[in-house]
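Using this note's numbering, you'd call the opening residue of the sequence shown number 22 and step up by one each time.
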Amino acid sequence: MVQWTLMTSCFTQGIGKHHLLMSGALGLAALASLSSGQSSLLQRLRRFLGWRRQHRIVGIRIFPVKSMAGLELPFAELGSHGFAHDRRFAVVDRSSGQVLTQRERARMRLITPSLIDGHLVLQDGERPENGSVRVPLMDSGEGELVKMWAKPSQEWGTCEPLCADCGNEVARWLTQALDGQEAGEELKYRLVRMAGEGGKCYEEKPKKLRKAGAEAVWADCYGEHDNLVFQDGSPMLIASLASLSELNRRLQKEGKPPVNVSRFRANLIVDGNEPFEEDWWSRMTLQGSDLGSGVALKLAKPCHRCIVTTKTQVIVGEGEHGETRPTNTSLEPLTTLKKFRLQRSGQDKRFKGAPCFAVNASFVSPPDSARRKIHVGDTLSVDTWASQSALKATF
């Protein structure tokens, strides 16, 4: 359930000022509502007055291996680099050292993970006869260390972290799972785990594993405390069901089938009734019984989407394996998103027509978030609002 709460500071300067503020806000909101059908007059007024907005967290998901299937969880532990076990592993092409994603190997979405007895267990959701393979979740610090690289991203620039190789058994299984009958004797794909300081386990020897480079387009969006493991854009990705409903309304209006929120591979899914309200978020707080006084978040940037959103994604429950569905052969929802979700209405050439859906968020103080637990049913409170929509902003 979505709730609005009026900030008491709005009323501390006296009735006269309050009336003046209300009159001005009503006028501004009325003018704004004439030029946009996405936000109601009342919603814009509430934002202008600084009302808090509270959203219920209805879904929590992690993706233990970058670009593979995800896990839907009733709760998750937070760490300084995001959710515990989220995108801590990646698949690397041995010949190039490049991190693989669904853009290079679409079958990655069918490899389903489980977290069982301190191990990551991988299974081919489409070919169960291939069996499964397991590796320890935690690094002993004694394995072979390898240097890999990821294609420079607009968010973070060049990434060349030191990683721990997970061994030949999982490499053999992955090569067979991803290449099928074309797989040869060479162990083409390696599973790696991000290493911490000096090659030690990252949980025991944390460090800034990835820091936004000066050459990154979005470097100014991140502060000195923001860092990642194998996530693309931020420690946390948040999607709104209200925004999904608006996207699906547009799809169905054109006679196209709706899409599931799983297409967007978000960590947190929140309820709501204002589509793309998240464009206006500035500072937020996660609130719940295991979050103490709350975990402060800040909006980093909107999430620019790629071809992966056109593929049916697999999300399974912990310890379970869901059924897979045929991948979508159209370019939806990407095509429809491009019609109304381009950065600066498509005038920003840096993104080559990549539309936005969901938002990247980071911790205000990463050390304060470590070891806290977030549950489905907890609250995301929007405490302050930006003066301009993130979709219109020039970064």
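All residues carry an ideal CB built from backbone N, CA and C; glycine is no exception.
Source: prediction; values computed, not measured.
- Secondary structure of N189 (DSSP, three-state): helix.
- Its Cα nearest to that of P354, the residue T331 stands out among F361, T331 and V337.
- A contact between stretches requires three or more CB pairs, one per stretch, nearer than 8 Å, and the stretch 185 to 193 meets this requirement with the stretch 202 to 214.
- Short of 6 Å from the beta carbon of F285, and not among the five residues preceding or following it, lie these beta carbons of its own chain, in chain order: A260, F378 and A379.
- H102 and A111 have their C-alpha atoms roughly 15 Å apart.
- Judged by beta-carbon spacing, L136 lies within the 8 Å limit of P85, meaning their Cβ atoms are closer than that value.
- Among the bridge pairs identified by DSSP, V380 is matched with I259 and P323.
- Between L320 and A382 the beta-carbon gap is near 6 Å, inside 8 Å, which marks them as a contact.
- Sequence-distant partners of P157 (beyond 5 residues in either direction) whose C-beta falls short of 7 Å from its own C-beta, in its chain, are G139 and H140.
- In terms of Cβ geometry, I395 and I81 form a close pair [threshold 8 Å].
- Burial is judged here by how many other beta carbons sit within 10 angstroms of a residue's own beta carbon; S283 has at least 16 and is buried.
- Beta-bridge partners assigned by DSSP to W302: W406.
- Taking a cut-off of 8 Å on C-beta distances, the stretch 292 to 304 does not touch the stretch 85 to 99, as fewer than three cross pairs fall below it.
- Look at M129 here: in three-state DSSP terms it is helix.
- Counted as a single uninterrupted DSSP element, the beta strand (DSSP E) harbouring L141 occupies residues H140 to D145.
- Going by C-alpha positions, K277 is about 18 Å away from Q334.
- Going by beta carbons, Q252 and T400 fall outside the 8 Å limit.
- In this structure, L272 lies near T357, with their beta-carbon atoms less than 8 Å apart.
- For R68, the secondary structure class from DSSP, reduced to helix, strand or coil, is helix.
- When rounded, the separation of the alpha-carbon atoms in R365 and A411 is 9 Å.
- Sixteen is the threshold: when 16 or more other Cβ atoms of the shown chains lie within 10 Å of the Cβ of K322, as they do, the residue is buried.
- For L358, the enclosing alpha helix (DSSP H) begins and ends at L355 to L358.
- The beta-carbon separation of V403 and M305, rounded to 5 Å, stays under the 8 Å limit for a contact.
- Taken through DSSP and simplified to helix, strand or coil, V282 comes out as helix.
- Burial check for E299: the Cβ neighbour count within 10 Å reaches 16 or more, so the residue is buried.
- Taking 8 Å as the cut-off, the beta carbon of L99 is found closer than this to the beta carbon of V316.
- Look at R392 here: in three-state DSSP terms it is coil, with no helix or strand label.
- Counting the other CB atoms within 10 Å of its CB gives R74 a total of 16 or more, which places it among the buried residues.
- In the DSSP annotation of this structure, the continuous segment of the beta strand (DSSP E) that includes S153 starts and ends at S153 to P157.
- Counting other Cβ atoms within 10 Å of its Cβ, K373 stays below 16 and is therefore classed as exposed.
- Following the DSSP letters along the chain, one finds D114 inside the beta strand (DSSP E) bounded by residues F110 to D114.
- For D114, the closest C-alpha among the options R126, D311 and K413 is that of R126.
- Here DSSP, grouped into helix, strand and coil, assigns L312 to coil.
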